[in-house]
Every structure is written in C-alpha cells, then in structure tokens.
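Heads up: the sequence shown runs through residues 18 to 99, numbered per my numbering.
Don't be surprised by glycine CBs; every beta carbon is placed ideally from N, CA and C.
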Amino acid sequence: MQLRDGFGYVHRVSDEGQITEQKVALGQHTEDRIEIRAGIEPDARVVASGGAFLGNGDQVRVMEGEPFHSPQTNDTDAEEGV
Numbered sequence: 018m019q020l021r022d023g024f025g026y027v028h029r030v031s032d033e034g035q036i037t038e039q040k041v042a043l044g045q046h047t048e049d050r051i052e053i054r055a056g057i058e059p060d061a062r063v064v065a066s067g068g069a070f071l072g073n074g075d076q077v078r079v080m081e082g083e084p085f086h087s088p089q090t091n092d093t094d095a096e097e098g099v
C-alpha cells in the first residue's frame, strides 16, 4: 500500500501477473497495519512489499505463501466512496 496525494493505492495482481494500480479508501491504522475500507475486494491478490518500484502494466511473478486474513468487520462500519 502506498500513500500519494492524500490517497491510498494498492497494486493488484491479475491471474497473468500483471500489475494494476487501485485507489482505495483508508480507515484506521496501527504501527504495522492499515485498514482498507473500500475500493478493492477482500479476496483480491495484491503486492505485499516492493510496490513503490511497480507501475501499471508491469509483470510480476507471484510467490505463493500463506494468505493474510483481515479481521472480520461489521458491515455498518464500512464506508463507500472511492
């Protein structure tokens, strides 16, 4: 996740390994985690590190590992508006 111009962005990875930059709405954050409130599906594949070196259309090779599961949230907490 990157912060730029006051907005959050993640890099989505397609099934073919192509990068697409996606604007997201941010929520609360801690020292090592940032809540993404809207703008991307919970099961989307995203770049976990090194995103600052990537741009739209870049090709990557996916390294499979244990997926990160975010804590459950209450639907009334979610906001729209990306």
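- Secondary-structure assignment with DSSP links T37 through a beta bridge to R29.
- Bounds of the beta strand (DSSP E) holding R21 are Q19 to R21.
- Burial is judged here by how many other beta carbons sit within 10 angstroms of a residue's own beta carbon; V41 has at least 16 and is buried.
- In the three-state reduction of the DSSP assignment, A69 falls in the helix class, which pools H, G and I.
- Between Q76 and Q19, the CB-CB gap reaches or exceeds 8 Å.
- At least 8 Å separates the beta-carbon of H28 from that of V79.
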